[in-house]
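Chemist:
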Amino acid sequence: MLNHQLDRLFHALADPTRRAVVERLCRGPATVSELKEPFAMSLPAVVQHLKVLEEAGLVTTSKQGRTRTCQIAPQALRTAEGWLTTQRTGWERRLDRLGTFLEET
């Protein structure tokens, strides 16, 4: 289950537009129209990016009247961060062992 979740997270974050949306939402909630402003793309294209982010669990949306507001879902970012930390820790251990080996030889 975790691998599937990570696949969706990293797939969503692989796109520069979606990363920019996540960065913007880390500063606070925004409407879909506000998220569209910096991009030269149609509103439906932005909505499609938001759908991918939402399916990955990175973004949640709520609708009030005709306005859809998006916000970041911090738990998904923590999941990705935890996986990256585990990978980094493993590589740091390997590099430490290599450094020790090289010092001894």
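Taking full-length UniProt numbering, the leading residue of the sequence shown gets 1, the next gets one more, and so forth.
Ideal placement from N, C-alpha and C gives every residue a C-beta, glycine not left out.
Thinking Ala40 and Ala56 are a contact (beta carbons under 8 Å), I'd like their distance in whole angstroms, please.
Modeler: Numbered from 1 along the sequence shown, position 40 holds the residue referred to as residue 40. Numbered from 1 along the sequence shown, position 56 holds the residue referred to as residue 56. So it is not a contact: roughly 24 Å between Cβ atoms.
Chemist: If you run the structure through DSSP and keep just helix, strand and coil, what is Ala73?
Modeler: Reading the sequence shown from its first residue, position 73 is the one you call residue 73. Note: Ala73 maps to coil in three-state DSSP.
Chemist: When we look at the beta-carbon of Lys36 and count the other beta-carbons within 10 Å, is it buried (16 or more) or exposed?
Modeler: One-based indexing of the sequence shown puts residue 36 at position 36. With 16 or more Cβ atoms within 10 Å of its Cβ, Lys36 is classed as buried.
Chemist: List the endpoints of the continuous alpha helix (DSSP H) containing residue 110.
Modeler: Since the first and last residues shown for the chain are 1 and 105, residue 110 lies out of range.
Chemist: Do Leu9 and Ile72 come within 7 Å of each other at the CB atom, strictly closer than that value?
Modeler: Here residue 72 is taken as the residue at index 72 of the sequence shown, counted from 1. Here residue 9 is taken as the residue at index 9 of the sequence shown, counted from 1. Result no, Cβ atoms of Ile72 and Leu9 do not sit closer than 7 Å.
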